[in-house]
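Note sheet for the following structure.
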Ligand code: IMP
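Structural data, given as structure tokens:
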């Protein structure tokens, strides 16, 4: 009886010492910093120039996240619900993922699909929206921030704003990574703009041409000879 109690005590002692001495793994050791193998992606050769490097994008997205967080920290007291980020698919998926990781206030995210391009580099002028499960309840009494990859003619943002107002949203803001002011057809007010770009077709970091180039880590200007409709 006594020996079994002694065994239990010894076991417990080892357990406590064991737990206490288990080294905690610092977070930076968990992050895989192994450099990726240097493969030459054929898509790099399709670029006329790199407009924004991965580092430039990360820096600007961080700044935007900080600015939005500060504004939301001030304004959120006015609303009963946390702000809603409405990410416009597909082009803004990468920007949204990076931006939201920089947002320092509680928030929610939903997605809306907008399409105006086929395999062309020119807008068709018709914007179709597909919004699964977005109701008036989702937008009433809160800030809604539309997260867009690029505002070109402005038709897409204009269409989404009209849709949200139709649901009863009163505080709709626009956050876009890129803006092409020279191509604007519809005047849209934007609250947060990452970079302004010239009238040239850009791809990468979520932006595509004919469903390609979205996964590039940088934003580049596509060689005009790769498309013929401009
Ligand atoms: P908007 O309705 O003309 O403002 O067009 C907005 C949409 O067009 C964006 O969400 C993009 O999907 C697409 N778009 C406009 N310019 C570019 C570009 O230079 N590269 C890739 N997509 C673009």
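Residue numbers (this note's numbering): 115 to 344. We treat Cβ as the ideally placed atom computed from N, Cα and C, and that holds for glycine. Computed from a prediction, not measured in an experiment: that's the story for all the values here.
Taking non-hydrogen atoms of ligand 1 into account, the C-beta of residue 199 is found less than 7 Å away from none of them. Collapsing the DSSP output to three states places residue 227 in a strand. Annotated three-state conformation of residue 212 is helix, per DSSP. Not a single heavy atom of ligand 1 lies less than 7 Å from the C-beta of residue 223.
Taking a cut-off of 8 Å on C-beta distances, the segment 161-177 does not touch the segment 191-207, as fewer than three cross pairs fall below it. Under DSSP, residue 287 shares a beta bridge with 259. For residue 171, the enclosing alpha helix (DSSP H) stretches over residues 168-189. By the criterion of a C-beta distance shorter than 6 Å, residue 161 is surrounded in its chain by 334, once the five residues flanking it on both sides are discounted. For residue 165, the Cβ stays outside the 7 Å cut-off from all heavy atoms of ligand 1. Here the alpha carbons of residue 288 and residue 304 stand approximately 5 Å from one another. The three-state reading of DSSP puts residue 205 in coil, since its state is none of H, G, I, E or B.
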